[in-house]
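Q:
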Amino acid sequence: MQYFDGSSRTVLVTDIETHMPDGRLIVSRTDPDGIITHVNDSFVDMSGFSREELIGQPHYILRHPDMPAVAFKGLWQTLLEEGKKWHGYVKNLRKDGGFYWVYATVIANVRNDQVVGFTSVRRKPSRRKVKEAEALYESLQ
Amino acid sequence: MTYNFTVSPDFNPSYLSGWFIFNTWLQRKTGEAFHLDLYDDFDLQRKAIAEDKFDLIYANPYDASVLVREKGFVPIACPAGKSDEAVIVVAADYEIDTVEGLSAGLRITATKDPDVNMMCMIMLEPADLGRQNTTTQHRDTYVLLAKDLVRGEADVGFFLEETYNKLSRIVKSQLKPLVQSQIQVINHVLLLGPALQHRQAGIQQALLDMVTTPAGQSLLESLSFTAWDKVESEDTEFMIDLMDTLET
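First to last, the sequence lines map onto chains A and B.
Take 766 as the starting number for the first sequence in this note's numbering and just add one per residue.
Take 445 as the starting number for the second sequence in this note's numbering and just add one per residue.
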């Protein structure tokens, strides 16, 4: 996979889906450069990575190759230029190559008028929304 | 000068006397006069908050957001190991056992507890349910929600987990939890208003030391706490960011 910062890596991809358990929220926080600084237990469980493997890594470690770049295009514009929260349906990549769908919301953490990081919360989407997102992202590839 | 202290209306009524004992302890520790003003109505308390009536508040995460960002309150402590979780409850004989089995037209019974209602609405999303295709009736107490469910006057009830767990065995035998949140990072917090911030260090230390004496432990028990944890501003800012993220 190629990432926006020029880096790349080879990823294993399987068709095995892990469903988010009811009632769980995946929470993470990054610094202004998108480097993970905090994850909750649900994040660790769903991603398949250990906490130690996640902290200090770029958040795009979870990006699934089925997610078109254009799907994230509005994220930075919404967060930084418009100062609003971004949300969307996202297919995430697990460490073992499987995937999980989430409804993600991202907000900029503003302290003294400075963006000091980003908080992201991912929750369980309905299957109807997942199907719609799958069709949309396929058409954008 | 008398300082005014209040507690989020979602406290369990069985801890009512605990909060009065806490208020007395606070006065003895600080040498200041505190008046404890308790509410059973979120709207009335919010109106009083808007009128700057309080100097010390044990706030739910939703109100903490307004108090810190708009009213200049600072967080000093939170109960150790205690996070706010919500549970969606149905009658014991309700035929549906999963969130995804619920459908449009769902009748919800809920208090006006803002974070519980927000968490529970989020837990309904996998069934494509939201404000647009459900109806909600608001009740003053959690016991009334249980009655609505048992009488079949609502399909689901939104409970604070701790309050649901404290319902009597007889009431709980007529109900069943459908889904429970595991958010882990949202909690109530004790906040100091601007007029009291010159006492911040002393009050905070007294709270942290409470667990070190038998009398303090007994008082903590009367609030169902094991200890107070120190809270830094950034901890609460993080929680507020999280609440902002969750709000639709």
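Just so you know, even glycine gets a beta-carbon here, dropped at the ideal spot from N, CA and C.
Remember, it's a predicted structure, so these values are computed and weren't measured experimentally.
Determine, using beta carbons only, whether Pro457 (chain B) comes closer than 8 angstroms to chain A.
A: No - not a single Cβ of chain A is within 8 angstroms of the one on Pro457 (chain B).
Q: I'd like to check one pair, Val875 (chain A) with Arg888 (chain A): are the Cβ atoms closer than 8 angstroms?
A: The answer is no: Cβ separation not under 8 angstroms.
Q: Starting from Pro621 (chain B), follow its DSSP beta bridges and name the residues at the other end.
A: In the DSSP output, where bridge partners are listed per residue, Pro621 (chain B) has B:Val533.
Q: For Thr884 (chain A), list the residues DSSP reports as bridge partners.
A: In DSSP, Thr884 (chain A) forms a bridge with A:Arg794, A:Ile872.
Q: Using a threshold of 8 angstroms, state whether the C-beta atoms of Leu500 (chain B) and Tyr447 (chain B) are closer than that.
A: Yes, these two residues count as a Cβ contact at 8 angstroms.
Q: Using beta-carbon positions only, say whether Ile493 (chain B) and Leu470 (chain B) come within less than 8 angstroms of one another.
A: No, these two residues do not count as a Cβ contact at 8 angstroms.
Q: Out of curiosity, what's the CA-to-CA distance linking Gly863 (chain A) and Phe808 (chain A)?
A: So the alpha carbons of these two residues sit roughly 15 angstroms apart.
Q: Closest Cβ-Cβ distance between Ser527 (chain B) and chain D: below 8 angstroms?
A: Absent from the structure: chain D. Protein chains present are A and B.
Q: Show which residues of chain A have a CB atom less than 8 angstroms away from the CB atom of Ile540 (chain B).
A: Here the premise fails: no neighbours, minimum Cβ distance about 13 angstroms.
Q: Please tell me whether Ile501 (chain B) has its Cβ less than 8 angstroms away from any Cβ of chain A.
A: It does not: the Cβ of Ile501 (chain B) has no partner Cβ on chain A nearer than 8 angstroms.
Q: Do you know how far the Cα of Pro833 (chain A) is from the Cα of Gln906 (chain A)?
A: Their backbone Cα atoms lie some 6 angstroms apart in a straight line.
Q: By how many angstroms is the C-alpha of Tyr483 (chain B) removed from the C-alpha of Asp454 (chain B)?
A: Using only the alpha carbons, I get a separation of about 9 angstroms.
Q: The beta strand (DSSP E) that contains Ala554 (chain B), what's its start and end?
A: Residues 550 to 554.
Q: Would you call Thr680 (chain B) buried or exposed, if buried means 16 or more other Cβ atoms sit within 10 Å of its Cβ?
A: Under this definition Thr680 (chain B) is a buried residue.
Q: Under 7 angstroms Cβ to Cβ from Ser452 (chain B), same chain only, skipping five residues before and after it: list those, please.
A: Excluding sequence neighbours, Ser452 (chain B) sits near Tyr502, Ala503, Asn504, Asp507, His632.
Q: Looking at the structure shown, is Tyr902 (chain A) part of a helix, part of a strand, or coil, going by DSSP?
A: Reduced to three states, the DSSP call for Tyr902 (chain A) is helix.
Q: List the residues of chain B whose Cβ lies closer than 7 angstroms to the Cβ of Gly788 (chain A), in chain order.
A: In chain order: Met567, Val623, Gln624, Ser625, Gln626.
Q: Could you tell me the distance, in whole angstroms, from the CA atom of Asp770 (chain A) to the CA atom of Met562 (chain B)?
A: Cα to Cα, Asp770 (chain A) sits roughly 37 angstroms from Met562 (chain B).
Q: For Asp673 (chain B), which beta-bridge partners are listed by DSSP?
A: Looking at the DSSP assignment, Asp673 (chain B) forms a beta bridge with B:Cys522.
Q: From this set, A:Tyr825, A:Gly839, A:Glu846, A:Lys850, which residue's C-alpha is nearest Lys856 (chain A)'s C-alpha?
A: When only C-alpha atoms are compared, the closest one is A:Tyr825.
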